[in-house]
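A quick write-up on the structure given underneath.
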Amino acid sequence: MPIKTIIEPFRIKSVEPIRWTTREQRLQLLRQAHYNLFLLPAVDVLIDLLTDSGTGAMSTHQWAAVMEGDESYAGSRSFERFRASIQDVFGYRHVIPTHQGRAAERILFGVTCKKGDVVPNNTHFDTTRANVEFAGAEAVDLVIPEGRQPALAHPFKGNMDVAALENLIDRVGRDRIPLAMLTVTNNSGGGQPVSMENVRHVGKVCRRHGIPLYFDAARFAENAWFIKVREEGYSDKTPKEIAQEMFSLGDGCTMSAKKDGLANIGGFLCTNNDRLAQQEKDLLILTEGYPTYGGLAGRDLEAIAVGIQEALEEDYLRYRISSTAYLGDHIAAQGVPIVQPPGGHAIYLDARAFLPHLPVEQFPGAALAAELYLEGGVRSVEIGSLMFGPAAQMELVRLAIPRRVYTQSHIDYLVEVILEVWRNRERIRGLRLTYEAPFLRHFTARLEPVD
Ligand SMILES: *Cc1c(COP(=O)(O)O)cnc(C)c1O
Numbered sequence: 006m007p008i009k010t011i012i013e014p015f016r017i018k019s020v021e022p023i024r025w026t027t028r029e030q031r032l033q034l035l036r037q038a039h040y041n042l043f044l045l046p047a048v049d050v051l052i053d054l055l056t057d058s059g060t061g062a063m064s065t066h067q068w069a070a071v072m073e074g075d076e077s078y079a080g081s082r083s084f085e086r087f088r089a090s091i092q093d094v095f096g097y098r099h100v101i102p103t104h105q106g107r108a109a110e111r112i113l114f115g116v117t118c119k120k121g122d123v124v125p126n127n128t129h130f131d132t133t134r135a136n137v138e139f140a141g142a143e144a145v146d147l148v149i150p151e152g153r154q155p156a157l158a159h160p161f162k163g164n165m166d167v168a169a170l171e172n173l174i175d176r177v178g179r180d181r182i183p184l185a186m187l188t189v190t191n192n193s194g195g196g197q198p199v200s201m202e203n204v205r206h207v208g209k210v211c212r213r214h215g216i217p218l219y220f221d222a223a224r225f226a227e228n229a230w231f232i233k234v235r236e237e238g239y240s241d242k243t244p245k246e247i248a249q250e251m252f253s254l255g256d257g258c259t260m261s262a263k264k265d266g267l268a269n270i271g272g273f274l275c276t277n278n279d280r281l282a283q284q285e286k287d288l289l290i291l292t293e294g295y296p297t298y299g300g301l302a303g304r305d306l307e308a309i310a311v312g313i314q315e316a317l318e319e320d321y322l323r324y325r326i327s328s329t330a331y332l333g334d335h336i337a338a339q340g341v342p343i344v345q346p347p348g349g350h351a352i353y354l355d356a357r358a359f360l361p362h363l364p365v366e367q368f369p370g371a372a373l374a375a376e377l378y379l380e381g382g383v384r385s386v387e388i389g390s391l392m393f394g395p396a397a398q399m400e401l402v403r404l405a406i407p408r409r410v411y412t413q414s415h416i417d418y419l420v421e422v423i424l425e426v427w428r429n430r431e432r433i434r435g436l437r438l439t440y441e442a443p444f445l446r447h448f449t450a451r452l453e454p455v456d
């Protein structure tokens, strides 16, 4: 008999209780939080899918490594292990630790970009875009057209449109493009992967024009798994071999170790360029710390050194990706509209299709997120009009799955909650704003139900 049940490839050694609330309590809590789930106390959330960033569970090996942390200010053993582990996978000459991914971004764009420059990416993550723009440059998204259509299935919806890249280079000129980036997987585009063929193709165009190619590598291991199972010629390669091949096609990377670093904090910046590395380290000392710790404790460097390797283990990746797909497939089978196919780290509900009776002005995404909390104590995040304003192209609700935290029965519970909300969708009311901050309003916005 074939084995169908997804089981976690780990045993549980330490548990953290989660707390039930009643529906009446959740209604009260929702009102107190002004229908904005960012304003909820985490203790009142049963299943927290707000983000997969820094929310993962560390392994026994990581905790053991934490105890080996060398807290020396300069030249610590922990940095040596951190660098060796990263170079083993990424292969770049210089490894610069940072406190998280956005610090790596600020330093990279700070030394490479000037006013009037243009940075192409498949899709810039929001902090990446903000840091490009902070450096005075323009952030251009060049994902393939398929990547902009939620319901359309395509194996590598994160791919960059190579013809659009060539057009951009022709139009603005090579001198205004200090670097090109590929985000693996494409977080803002639904956690969709980039194929090796596309990386090779983009790399070739960049090399022909002398433009360095960098990876935004936050979910590099999940991307490697998708290449292994979806791209011809890779089924016999290990995720690590695939990651090594991919990184060899570029010149450096930024990394948030809070994702596939399987750590609760940290990041790094890599480059093969000696001159750039020197400038980056000078800037690092100014705001992050000495180049052998970069704003992290020695124990954090140790946790990341182990986490990078564990994130590439096949049993882990098979469980991770199939568990996320299980959630997406089971709700989609009942008609729930989601971004297809399921991504690596999250399922995205299409709130516009879920709640067609709500106009966009009534924030269907925020209304759906509030309802998921009311129904089952589940916290998700709206990615739509509340977050982006009228510029929002889609009304999505993201259910991001923390790594190694929830079990398959939690996932089954999520399916039940979402399907219950789906059955009662016509009763869901819209929301209106009662307070908004002048920027990044979604974090602090206050809302109330429309009568
Ligand atoms: C999270 C993330 C970042 C930023 O990293 P932080 O550690 O949150 O600063 C950058 N790019 C992508 C694709 C991410 O997912």
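First residue of the sequence shown? That's 6 in my numbering, and the numbers climb one at a time after it.
Think of the CB as a built atom: it goes at the ideal place given N, C-alpha and C, for glycine as much as any other residue.
Quantities reported herein were computed from a predicted structural model and do not represent experimental measurements.
Endpoints, the alpha helix (DSSP H) within which residue i is located
{"i": "residue 418", "result": "413-428"}
{"i": "residue 447", "result": "Element bounds for residue 447: n/a, residue is neither H nor E."}
{"i": "residue 273", "result": "First-last for residue 273: 272-276, but that is the beta strand (DSSP E), not the alpha helix (DSSP H)."}
{"i": "residue 408", "result": "It is not in any alpha helix (DSSP H) - residue 408 carries neither H nor E in the DSSP assignment."}
{"i": "residue 285", "result": "279-292"}
{"i": "residue 173", "result": "167-177"}
{"i": "residue 82", "result": "82-95"}
{"i": "residue 133", "result": "131-139"}
{"i": "residue 250", "result": "244-253"}
Sequence-distant residues of its chain with Cβ nearer than 6 Å to residue i (five each side left out)
{"i": "residue 383", "result": "52, 377, 422"}
{"i": "residue 149", "result": "164, 166"}
{"i": "residue 392", "result": "447"}
{"i": "residue 227", "result": "190, 349"}
{"i": "residue 107", "result": "132"}
{"i": "residue 83", "result": "74, 75, 303, 306, 307"}
{"i": "residue 195", "result": "344, 348, 353"}
{"i": "residue 217", "result": "184, 256"}
{"i": "residue 60", "result": "407"}
Proximity test, residue i beta-carbon vs ligand 1 heavy atom, cut-off 7 Å
{"i": "residue 221", "result": "yes"}
{"i": "residue 153", "result": "no"}
{"i": "residue 107", "result": "yes"}
{"i": "residue 119", "result": "no"}
{"i": "residue 192", "result": "yes"}
{"i": "residue 133", "result": "yes"}
{"i": "residue 272", "result": "yes"}
{"i": "residue 264", "result": "yes"}
{"i": "residue 130", "result": "yes"}
{"i": "residue 188", "result": "yes"}
{"i": "residue 81", "result": "no"}
{"i": "residue 200", "result": "no"}
{"i": "residue 64", "result": "no"}
{"i": "residue 385", "result": "no"}
{"i": "residue 328", "result": "no"}
{"i": "residue 77", "result": "no"}
Residues near residue i in its chain [Cβ-Cβ closer than 7 Å; skip 5 each side]
{"i": "residue 455", "result": "367, 434, 435, 436, 437"}
{"i": "residue 233", "result": "239, 240, 242, 244, 247"}
{"i": "residue 160", "result": "235"}
{"i": "residue 223", "result": "106, 192, 260, 261, 264, 265"}
{"i": "residue 309", "result": "87, 262, 266, 268, 271"}
Run of the beta strand (DSSP E) containing residue i, from where it starts to where it stops
{"i": "residue 39", "result": "Premise fails: residue 39 is in no beta strand (DSSP E) and is neither H nor E."}
{"i": "residue 99", "result": "99-103"}
{"i": "residue 201", "result": "Run containing residue 201: none in the beta strand (DSSP E); it sits in the alpha helix (DSSP H), 201-214."}
{"i": "residue 352", "result": "351-355"}
Residue i, DSSP secondary structure in three states
{"i": "residue 317", "result": "coil"}
{"i": "residue 368", "result": "coil"}
{"i": "residue 63", "result": "coil"}
{"i": "residue 49", "result": "helix"}
{"i": "residue 261", "result": "strand"}
{"i": "residue 361", "result": "coil"}
{"i": "residue 126", "result": "strand"}
{"i": "residue 221", "result": "strand"}
{"i": "residue 146", "result": "strand"}
{"i": "residue 189", "result": "coil"}
{"i": "residue 455", "result": "coil"}
{"i": "residue 326", "result": "helix"}
{"i": "residue 30", "result": "helix"}
Cβ neighbour criterion (16 or more within 10 Å) applied to residue i
{"i": "residue 340", "result": "exposed"}
{"i": "residue 230", "result": "buried"}
{"i": "residue 362", "result": "exposed"}
{"i": "residue 426", "result": "buried"}
{"i": "residue 91", "result": "buried"}
{"i": "residue 256", "result": "buried"}
{"i": "residue 41", "result": "buried"}
{"i": "residue 63", "result": "buried"}
{"i": "residue 125", "result": "buried"}
{"i": "residue 119", "result": "exposed"}
Cutoff 8 Å; reference residue i; Cβ partners in own chain excluding five residues on either side
{"i": "residue 251", "result": "189, 201, 204, 220, 225, 228, 229, 232"}
{"i": "residue 20", "result": "none"}
{"i": "residue 253", "result": "96"}
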